[in-house]
Structure formats: structure tokens, C-alpha cells
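Undergrad:
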Amino acid sequence: MKVRFKRLLTIGVAVAMLGAQPLPVSADDFDTQIQNANNAISDLQNQQAETNQNLADIQNSISGMESDKQKILDEISGYDQEIVITMASISSMDDQIEQKTKELKQTTADLEKAEKDQDTQYQAMKKRIQYLYEQGGDSGWASVMIGSLSLSEGLDNVDNTKSLYNYDREELETYTETVTKVKDLKAQETAQKSSLEASKQELEGAKDNLETLKADAEARGEDVDALLSDAQNKANEYYALIQEQNAQISELQSQKEAAQNAKAEQEAQKKAAEEAAARQAAAQQAAAQQQAASQTTAASAADSGSSAGTSSSYTDTTAADSNTSYDSGSSDSGSSASSGSGSSASASSGASSAASTASGFSGQDVVNYALQFVGNPYVWGGTSLTNGCDCSGFVQQVYAHFGVSLSRTTYTQANEGIAVSYSEMQPGDVINYGSHTSIYIGNNMIVHAADESLGIITQSNPAFEPIVTIRRFIY
5 MKVRFKRLLT IGVAVAMLGA QPLPVSADDF DTQIQNANNA ISDLQNQQAE
55 TNQNLADIQN SISGMESDKQ KILDEISGYD QEIVITMASI SSMDDQIEQK
105 TKELKQTTAD LEKAEKDQDT QYQAMKKRIQ YLYEQGGDSG WASVMIGSLS
155 LSEGLDNVDN TKSLYNYDRE ELETYTETVT KVKDLKAQET AQKSSLEASK
205 QELEGAKDNL ETLKADAEAR GEDVDALLSD AQNKANEYYA LIQEQNAQIS
255 ELQSQKEAAQ NAKAEQEAQK KAAEEAAARQ AAAQQAAAQQ QAASQTTAAS
305 AADSGSSAGT SSSYTDTTAA DSNTSYDSGS SDSGSSASSG SGSSASASSG
355 ASSAASTASG FSGQDVVNYA LQFVGNPYVW GGTSLTNGCD CSGFVQQVYA
405 HFGVSLSRTT YTQANEGIAV SYSEMQPGDV INYGSHTSIY IGNNMIVHAA
455 DESLGIITQS NPAFEPIVTI RRFIY
């Protein structure tokens with residue numbers, strides 16, 4: 005970039021030197037100045053083509069980095085969503101573990117109570133069995149045999165003992181079964197709690213991993229941001245360089261036109277001087293011829309021998325000849341002036357006709373033709389005004405209708421035609437934004453093939469993007 009600015013500075017010095025030169029006095033001096041301006045303009049246009057290419061490259065780079073940045077942002081967003089979901093799962097797992105802890109605590113209490121009830125029932129059953137056997141039991145048959153109890157009473161006593169025994173056994177089995185179930189439930193709940201705690205630990209590990217991945221993506225995003233900032237700074241430098249190149253080219257064009265106008269004026273003055281000299285020479289020749297004729301007439305009168313009459317006749321003839329000479333001179337002069345004026349008018353008319361022939365149309369004609377295609381589609385790489393075209397194809401085909409041949413891309417179109425300033429912009433001028441282009445239609449409006457979603461449209465604010473150059477193709 006420093007080298008380019010140095011080259012631009014060198015050309016700028018050349019521009020200043022051209023502007024500082026005194027008005028040339030010969031056509032050769034004008035031709036030299038015009039040739040120097042052309043050389044400087046050509047050099048600047050070559051530099052500008054290189055700058056435009058560098059700008060296009062950096063813009064493509066920026067586009068790629070912005071795409072990478074968006075992918076990273078999407079990646080970070082995905083990590084955020086997964087972290088939120090994981091944290092919600094961990095929170096739910098905490099709730100389940102807390103609930104399972106409460107259930108396990110209750111189950112432990114129930115187990116302690118069931119075991120206690122089982123032991124109480126067992127001790128009571130032992131006492132009842134001991135009491136029954138001590139007070140009757142199988143000894144009831146002995147009481148019947150010795151006659152202290154009837155057979156029927158003995159049998160009842162034995163049956164009652166067996167019934168109580170069976171009842172106690174059933175109750176003990178019931179308590180034992182209850183204790184077993186509660187133990188099984190406790191073991192199941194303990195296992196479930198352990199499983200929940202293991203799942204929670206896995207989720208926390210997954211969350212830590214997601215946060216690490218997110219931090220890595222954020223670091224990569226910061227790196228891309230830094231690269232984007234550097235690339236944008238370079239693009240801004242290229243924009244500034246292009247604007248400076250445009251200013252230099254415009255200045256050189258102005259100086260070139262001034263030299264051309266001065267040369268034309270000098271040639272016109274030279275031609276007018278030559279014509280005046282020719283008229284003066286013709287008048288002098290006519291006067292000399294008239295004087296010779298008068299002298300011949302006077303000599304003839306002297307030979308006739310009438311001195312007074314001759315003198316009078318000579319005087320009259322001289323006066324008449326003098327008048328005739330004056331009138332003839334006036335007539336010749338007027339004829340010459342009229343002829344010169346007619347030639348000038350003819351030349352002016354011819355120049356006007358040549359300009360008209362060169363273009364044959366106006367900027368408004370270009371605008372009117374371009375506006376016919378508003379609403380038609382945008383197609384990248386297309387050149388059909390009806391079926392679809394891109395921005396440079398639109399400009400190329402509109403001007404092709406009027407016989408003006410333009411190149412195909414915005415970068416090459418930016419170096420064609422002549423550069424004009426924003427304040428000098430007229431309908432039909434082409435506005436170049438580096439990677440995009442439009443046609444100015446007047447009243448702060450443009451028409452252009454915008455993009456695939458909009459197609460060919462009209463739009464306000466010609467400077468909606470940074471302007472690289474404004475080109476004119478109608479001279």
C-alpha cells in the first residue's frame with residue numbers, strides 16, 4: 005500500500021507541474037502537455053485497475069470471513085442451547101434425587117418400624133405359645149383321661165390352642181413378608197438413587213465439555229473478528245486510494261481539456277490572423293491595380309493635348325476611381341468577412357453535427373430506455389434485459405442499444421468513459437461502487453439490477469454504498 009501511495013504521489017507531483025506550467029505559446033507545447041496528461045491518466049487508470057482488483061479480492065476475503073464468523077456464531081448458539089438443555093436435565097435430576105432421598109428416608113423408617121413390629125409380634129407369639137402349652141395344650145388329653153375334663157371340653161381346648169398357634173404363625177409370616185418387601189423397596193430405591201447420581205455426574209461432565217467447546221468457538225470468533233477488522237481497514241484504504249485516483253484523473257482530464265481548448269483557440273486565432281492578412285493583401289493589391297489604372301487614364305488624357313480638361317477629367321476620374329476603389333475594397337472586405345463568418349458558422353455547425361453523430365442520443369434517452377426494464381429479474385452473469393441480467397450486464401446492454409460498446413464487468417467498466425464528480429453527475433451517468441454499478445436517472449434516483457430478491461429497480465440515494473467512480477459515456 006505504501007508503494008502505491010508513493011506512485012500516486014509521483015503522479016500527483018506531475019499533475020501539479022502540469023497545472024503550474026505557463027500557458028504554452030506553440031502547438032507543440034500544447035501537444036506535449038496533452039501527451040503528458042494522457043500518459044499520467046493511463047498510468048493512473050492502470051493503478052486504479054490494480055486497486056479495484058485488490059479491493060475485489062479483499063471484499064471476497066471479507067465475505068468469506070463473515071461466512072466463517074456466522075458459522076462460528078451458529079456453533080456457539082448450538083452449544084448454548086445444548087448447555088441450557090443439559091442444565092435443565094441436571095436440575096431435573098437434582099429434583100429426582102431429592103425426591104428419591106425423601107422416599108428412601110421414609111422407606112428406611114418404614115423398614116425399622118416393620119422390623120420392630122415383627123420382633124414384637126414374635127416375642128408375643130412365643131409368650132402365648134408358652135402359656136398355652138403350660139396351661140393346656142396336649143396335656144388336655146390327660147385331663148380327660150383322669151376325668152377332670154369331659155371329652156368334648158378336652159377337644160375344644162386342643163382346637164383352641166391349635167387355632168391360636170396357627171393365627172400367630174400367619175401373623176408372623178405376614179410381618180416377615182412385610183419386612184422383606186420393605187427391604188426390597190429400600191434396595192431398589194437405593195439403586196435408583198445411585199443411578200440418578202451417576203446420570204447427574206455424566207450430565208455435569210457433558211456440560212463442562214460443552215462449555216469448553218463454546219469457549220474454543222468464542223476464541224476462534226475473536227480471531228475472525230480481528231482478521232475482519234484488518235481486512236475492513238485495508239478495504240477502507242483501497243476506497244480512499246480509489247477516490248484519490250479519481251480526483252487525480254479528474255484533475256488531469258480538466259488540464260488536458262484546458263490544453264486542448266487553448267490549442268484550439270490558438271489555432272482559431274492563427275487562422276483568423278491569416279485570413280485577415282489575406283484580406284489586407286487582397287485589398288492592397290486591388291488598390292495598387294486601381295491606382296495603375298488611374299495613372300494609365302491620366303497619361304492617355306495628357307496625350308490628347310487638353311491639359312485643363314484632362315486635369316479636370318483626371319481629377320474627376322481619380323475621384324471616381326478613388327470611390328470605386330473604396331467601394332470595391334469595402335465590397336471585397338465585406339465579402340471576405342461574410343465568407344469567413346459563413347465558414348465559422350459552417351465549422352460550428354459541422355462540430356455540432358459531428359458531436360450529434362458521435363452519440364446521437366442524450367443521457368435522458370438512456371434513462372428512458374433503462375426504465376422500461378424495471379421489474380425484470382436479476383440473474384448473476386446474465387445479459388438479458390428481459391429474461392435476467394446482473395448489474396454490469398444491465399449497464400452494458402442498455403448502452404449497447406445506443407451503439408456504445410462497454411466491457412462486461414464492473415471492475416473494467418470503472419475504467420471506461422470519462423470520470424465526472426458527484427456534483428457534475430447527470431442522467432445517464434454510470435455510478436460504480438467497486439463490486440456493483442447503477443445508472444443515475446436524476447432527482448437523486450438510480451436504476452439498477454439490485455439482486456436476486458429485488459431484480460431491476462429504481463432507488464433513491466445514489467450513494468447508498470461508497471462510490472468508487474462516476475463514468476460518462478456520452479460526449
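Quick note: to get this note's numbering, add 4 to the position in the sequence shown (first position is 1).
Every residue gets a Cβ at the ideal spot worked out from N, C-alpha and C, and that includes glycine.
Between the beta-carbon of residue 4 and the beta-carbon of residue 127, is there less than 8 angstroms?
TA: For residue 4 there is no data in the structure shown, the boundaries of the chain being 5 and 479.
Undergrad: For residue 379 versus residue 460, is the C-beta distance shorter than 8 angstroms?
TA: Counted from its first residue, the sequence shown places residue 379 at position 375. Counted from its first residue, the sequence shown places residue 460 at position 456. Yes, they are a contact pair.
Undergrad: From which residue to which residue does the beta strand (DSSP E) around residue 462 run?
TA: If you number the sequence shown from 1, residue 462 lands on position 458. Residues 459-464.
Undergrad: Starting from the N-terminal side, write out each stretch of the beta strand (DSSP E) that is 3 residues or longer and does not extend beyond the region 361-441.
TA: 434-436
Undergrad: Check residue 342 in the structure and name its three-state DSSP category.
TA: As a working mapping, residue 342 is identified with position 338 in the sequence shown. Bear in mind that the predicted position of residue 342 carries a pLDDT of just 33, short of 50, making it too unreliable to give a figure here.
Undergrad: Using three-state DSSP, classify residue 444 as helix, strand or coil.
TA: Taking the first residue of the sequence shown as 1, we reach residue 444 at position 440. Of the three classes helix, strand and coil, the one that applies to residue 444 here is strand, per DSSP.
Undergrad: Across the region 186-195 and the region 97-108, are there enough close Cβ pairs to call them in contact, namely three or more that are closer than 8 angstroms?
TA: yes
Undergrad: Is residue 186 helix, strand or coil when you go by DSSP?
TA: Numbered from its first residue, the sequence shown carries residue 186 at position 182. Looking at residue 186 - three-state DSSP - the assignment turns out to be helix.
Undergrad: Look at residue 432 and residue 364 and say whether their C-beta atoms are less than 8 angstroms apart.
TA: On the sequence shown, position 428 is the one that residue 432 refers to. On the sequence shown, position 360 is the one that residue 364 refers to. For residue 432 and residue 364, no; Cβs fall outside 8 angstroms.
Undergrad: Do the CB positions of residue 53 and residue 250 come within less than 8 angstroms of each other?
TA: Here residue 53 corresponds to residue number 49 of the sequence shown, with the count starting at 1. Here residue 250 corresponds to residue number 246 of the sequence shown, with the count starting at 1. Result no, Cβ atoms of residue 53 and residue 250 do not sit closer than 8 angstroms.
Undergrad: Measure from the alpha carbon of residue 69 to the alpha carbon of each residue in 227, 92, 442, then state which is nearest.
TA: Walking along the sequence shown from the start, residue 69 turns up at place 65. Nearest of 227, 92, 442 to residue 69, Cα basis: 227.
Undergrad: Alpha carbon to alpha carbon, how far is residue 198 from residue 77?
TA: If you number the sequence shown from 1, residue 198 lands on position 194. If you number the sequence shown from 1, residue 77 lands on position 73. Going by the C-alpha atoms only, they are around 38 angstroms apart.
Undergrad: Reducing DSSP to helix, strand and coil, say where residue 467 ends up.
TA: One-based indexing of the sequence shown puts residue 467 at position 463. Note: residue 467 maps to coil in three-state DSSP.
Undergrad: Counting along the chain, where does the beta strand (DSSP E) carrying residue 474 start and finish?
TA: Numbered from its first residue, the sequence shown carries residue 474 at position 470. 473-476 is the span of the beta strand (DSSP E), which, as asked, contains residue 474.
Undergrad: Leaving out the 5 sequence neighbours to the left and right, which residues in its chain are closer than 8 angstroms to residue 94 when beta-carbon positions are compared?
TA: Within the sequence shown, numbered from 1, the residue matching residue 94 stands at position 90. So the qualifying residues of the chain are 204, 207, 208, 211.
Undergrad: Could you tell me the alpha carbon to alpha carbon distance between residue 79 and residue 183, rounded to whole angstroms?
TA: If you number the sequence shown from 1, residue 79 lands on position 75. If you number the sequence shown from 1, residue 183 lands on position 179. Whole-angstrom Cα-Cα distance: 55 angstroms.
Undergrad: Looking at residue 439: is its Cβ nearer than 8 angstroms to the Cβ of residue 414?
TA: Stepping through the sequence shown from its first residue, residue 439 is reached at position 435. Stepping through the sequence shown from its first residue, residue 414 is reached at position 410. Result yes, Cβ atoms of residue 439 and residue 414 sit closer than 8 angstroms.
Undergrad: Under the DSSP definition of a beta bridge, which residues are partnered with residue 449?
TA: Position 445 of the sequence shown, counted from the start, is the residue given in the question as residue 449. Residue 449 is bridged to 446, 464.
Undergrad: Please report how far the alpha carbon of residue 382 lies from the alpha carbon of residue 388, in whole angstroms.
TA: Taking the first residue of the sequence shown as position 1, residue 382 is located at position 378. Taking the first residue of the sequence shown as position 1, residue 388 is located at position 384. Looking at the two C-alpha atoms, the distance is approximately 9 angstroms.
Undergrad: According to the neighbour-count rule (16 or more other Cβ atoms, all chains shown, within 10 Å of its Cβ), is residue 252 buried or exposed?
TA: Here the question's residue 252 lines up with position 248 in the sequence shown. Buried, because 16 or more other Cβ atoms sit within 10 Å of the Cβ of residue 252.
Undergrad: Quick check: the Cα distance between residue 272 and residue 479, rounded to an integer number of angstroms?
TA: Reading the sequence shown from its first residue, position 268 is the one you call residue 272. Reading the sequence shown from its first residue, position 475 is the one you call residue 479. So the two alpha carbons sit approximately 22 angstroms from each other.
Undergrad: If contacts are defined as beta-carbon pairs under 8 angstroms, then residue 445 and residue 371 qualify, I think. What distance do you get, rounded to the angstrom?
TA: For the purposes of this step, residue 445 is taken as residue 441 along the sequence shown, with counting starting at 1. For the purposes of this step, residue 371 is taken as residue 367 along the sequence shown, with counting starting at 1. About 5 angstroms; that satisfies the 8 angstroms criterion.
Undergrad: Using C-beta distances below 7 angstroms, list every residue in its chain close to residue 469, excluding the 5 sequence neighbours before and after it, in chain order.
TA: As a working note, residue 469 is residue 465 in the sequence shown. Excluding sequence neighbours, residue 469 sits near 437, 440.
Undergrad: Which residues in the same chain as residue 452 place their Cβ atom closer than 6 angstroms to its Cβ, once the five residues preceding and following it in sequence are excluded?
TA: Taking the first residue of the sequence shown as position 1, residue 452 is located at position 448. Contacts found: 395, 442.
Undergrad: How many Å lie between residue 55 and residue 428 at the Cα?
TA: Your numbering for residue 55 matches position 51 in the sequence shown. Your numbering for residue 428 matches position 424 in the sequence shown. Their backbone Cα atoms lie some 24 angstroms apart in a straight line.
Undergrad: Buried or exposed: where does residue 135 fall if 16 or more other Cβ atoms within 10 Å of its Cβ makes it buried?
TA: For the purposes of this step, residue 135 is identified with residue 131 of the sequence shown, where counting begins at 1. Exposed, because fewer than 16 other Cβ atoms sit within 10 Å of the Cβ of residue 135.
Undergrad: Going straight from the alpha carbon of residue 117 to that of residue 220, what length do you get?
TA: Sequence index remark: in the sequence shown, residue 117 carries index 113 (1-based). Sequence index remark: in the sequence shown, residue 220 carries index 216 (1-based). Roughly 56 angstroms separates the two Cα atoms.
Undergrad: Quick check on residue 470 - is its C-beta less than 8 angstroms from some C-beta in chain B?
TA: No chain B is part of this structure, which consists of one protein chain only.
Undergrad: When you compare each of 237, 171, 256, 114 to residue 44 by their alpha carbons, which one comes out closest?
TA: For the purposes of this step, residue 44 is taken as residue 40 along the sequence shown, with counting starting at 1. The candidate whose alpha carbon is nearest that of residue 44 is 256.
Undergrad: Do the CB positions of residue 214 and residue 83 come within less than 8 angstroms of each other?
TA: In the sequence shown, the residue the question calls residue 214 occupies position 210. In the sequence shown, the residue the question calls residue 83 occupies position 79. Yes, the Cβ-Cβ distance between residue 214 and residue 83 is below 8 angstroms.
Undergrad: Nearest to residue 49 by alpha carbon, out of 434, 420, 288, 465?
TA: The count along the sequence shown starts at 1 and reaches residue 49 at position 45. Looking at the Cα atoms, 420 is the closest of the given residues.
Undergrad: Quick one: complete alpha helix (DSSP H) runs, 4+ long, within the region 252-299?
TA: none
Undergrad: If we count the other Cβ atoms within 10 Å of its Cβ and call it buried at 16 or more, is residue 40 buried or exposed?
TA: Within the sequence shown, residue 40 is the residue found at index 36, counting from 1. So residue 40 ends up on the buried side.
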